[in-house]
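Numbering (the working numbering), first residue to last: 21 to 319. In this text, a Cβ means the ideal position worked out from N, Cα and C, and glycines have one as well. Input: a single structure, listed below in structure tokens.
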Amino acid sequence: MPPEKREIFHSLNSWAEDNILVLLKPVEKCWQPNDFLPDSSSEGFNEQTMLNTLDAVRDETGASLTPWAVWTRAWTAEENRHGDLLNKYLYLSGRVDMKQIEKTIQYLIGSGMDPGTDKNPYLGFIYTSFQERATFISHGNTARLAKEHGDLKLAQICGIIAADEKRHETAYTKIVEKLFEIDPDGTVLALADMMRKKVSMPAHLMYDGRDENLFDHFSAVAQRLGVYTAKDYADILEFLVARWEVEKLTGLSGEGCKAQDYVCGLPARIRRLEERAHARAKQAPPVPFSWIYNREVKL
Numbered sequence: 021m022p023p024e025k026r027e028i029f030h031s032l033n034s035w036a037e038d039n040i041l042v043l044l045k046p047v048e049k050c051w052q053p054n055d056f057l058p059d060s061s062s063e064g065f066n067e068q069t070m071l072n073t074l075d076a077v078r079d080e081t082g083a084s085l086t087p088w089a090v091w092t093r094a095w096t097a098e099e100n101r102h103g104d105l106l107n108k109y110l111y112l113s114g115r116v117d118m119k120q121i122e123k124t125i126q127y128l129i130g131s132g133m134d135p136g137t138d139k140n141p142y143l144g145f146i147y148t149s150f151q152e153r154a155t156f157i158s159h160g161n162t163a164r165l166a167k168e169h170g171d172l173k174l175a176q177i178c179g180i181i182a183a184d185e186k187r188h189e190t191a192y193t194k195i196v197e198k199l200f201e202i203d204p205d206g207t208v209l210a211l212a213d214m215m216r217k218k219v220s221m222p223a224h225l226m227y228d229g230r231d232e233n234l235f236d237h238f239s240a241v242a243q244r245l246g247v248y249t250a251k252d253y254a255d256i257l258e259f260l261v262a263r264w265e266v267e268k269l270t271g272l273s274g275e276g277c278k279a280q281d282y283v284c285g286l287p288a289r290i291r292r293l294e295e296r297a298h299a300r301a302k303q304a305p306p307v308p309f310s311w312i313y314n315r316e317v318k319l
């Protein structure tokens, strides 16, 4: 990244301390997975039973005190509880093949992820703005479905995770909002670049040792159930374009104006593509999922 772009983030250190770190919760005030799970020592237990690669903001030492590094470590720690809680819930539910789930997790960690941010913090913060809103929506929808089907504990779990994701979304959208204020041309070019690449969810390299197209099949089920849909993707982009007032940007370069037009017109294009994809999805055969003992699920 050019030195002048790095300097933008260095100049924002004080701003980040005042505006971003305040969105973190002290550990002692954070919920923990055990708050929502049966107490294993109680008599009735058996019956109840990618940011640290970005230029200018990475944690260079593993214990850096810059606000960017403090945020990244604390954000990662907060996110870690989400997987822990859901993993333990699934284990205690007795309804899934935990060995297959654990294999999927190991494969996923081994495969890594490629969000397409190229070590560029502009792209990185745009990606996380989108991704955090997507997870806020998907966990919220899962909570709604769980409640409708009578699983109030899962609804509570997904609801509390969604609240975390909303707080994280607020932080990342504020960072990008500040970048638009300081460097509108560079930021709108980055937004267009990220959207041309398409925002892939962190688990897009998901594999369970059996299904080479596991993430596509998982996404198709999420689409059908209304957990996370192509409409949500378009809605998120539309929300962010409005939140950052992209249509109102002025004084852009020629390339910046083209990027502005592309981004502002993209939600409508995505919705048209969604209609075609929806028609094709109706013809897809059911597929087995190893997580639920190879039961077939309609896509």
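In this structure, the straight-line span from the alpha carbon of Ile129 to that of Thr249 is close to 25 Å.
When the five nearest sequence neighbours on each side are left out, the beta carbons in the same chain lying within less than 6 Å of the beta carbon of Pro308 are those of Asn314 and Glu316, in order along the chain.
The alpha helix (DSSP H) runs of length 4 or more contained entirely in the stretch 100-164 are, from start to end of the chain, 118-131. Lys167 sits away from Ile40, with the two beta carbons spaced by 8 Å or more. The residue from Asn54, Arg296 and Asp203 with its alpha-carbon nearest to that of Glu27 is Asp203. Distance from Ala154 to Ile256 at the Cβ level is roughly 6 Å; contact confirmed, criterion being Cβ atoms closer than 8 Å.
Taking C-beta atoms under 8 Å as the contact rule, Leu57 and Tyr109 qualify, at a distance of about 7 Å. Taking Tyr142 as the centre and dropping the five residues before and after it, the same chain places the C-beta of Leu199, Gly206, Thr207 and Ala210 closer than 7 Å to its C-beta, in chain order. A check of alpha carbon separations from Lys25 across Lys49, Asp38, Lys45 and Asp75 identifies Asp75 as the nearest. With respect to Leu43, Thr190 sits close: the two C-beta atoms are nearer than 8 Å. When the Cα atoms are used, Lys173 and Thr124 turn out to be separated by approximately 24 Å. In this structure, Ala254 lies near Glu294, with their beta-carbon atoms less than 8 Å apart. With contacts defined by Cβ atoms closer than 8 Å, Tyr192 and Ser149 form a contacting pair. Sequence-distant Cβ neighbours of Ser310 in its own chain, meaning closer than 6 Å and more than five residues away, are Gln120, Asp228 and Arg230.
In the three-state scheme derived from DSSP, where H, G and I count as helix and E and B as strand, Glu80 is classed as coil. As for any beta strand (DSSP E) of minimum length 3 sitting wholly inside the stretch 281-310, the runs are 307-309, ordered along the chain. Residue state for Val219 is assigned as coil, using DSSP reduced to three classes. Using a Cβ distance threshold of 8 Å, Arg263 and Lys318 do not count as a contacting pair. If you draw a straight line from the Cα of Leu286 to the Cα of Lys268, it is about 16 Å long.
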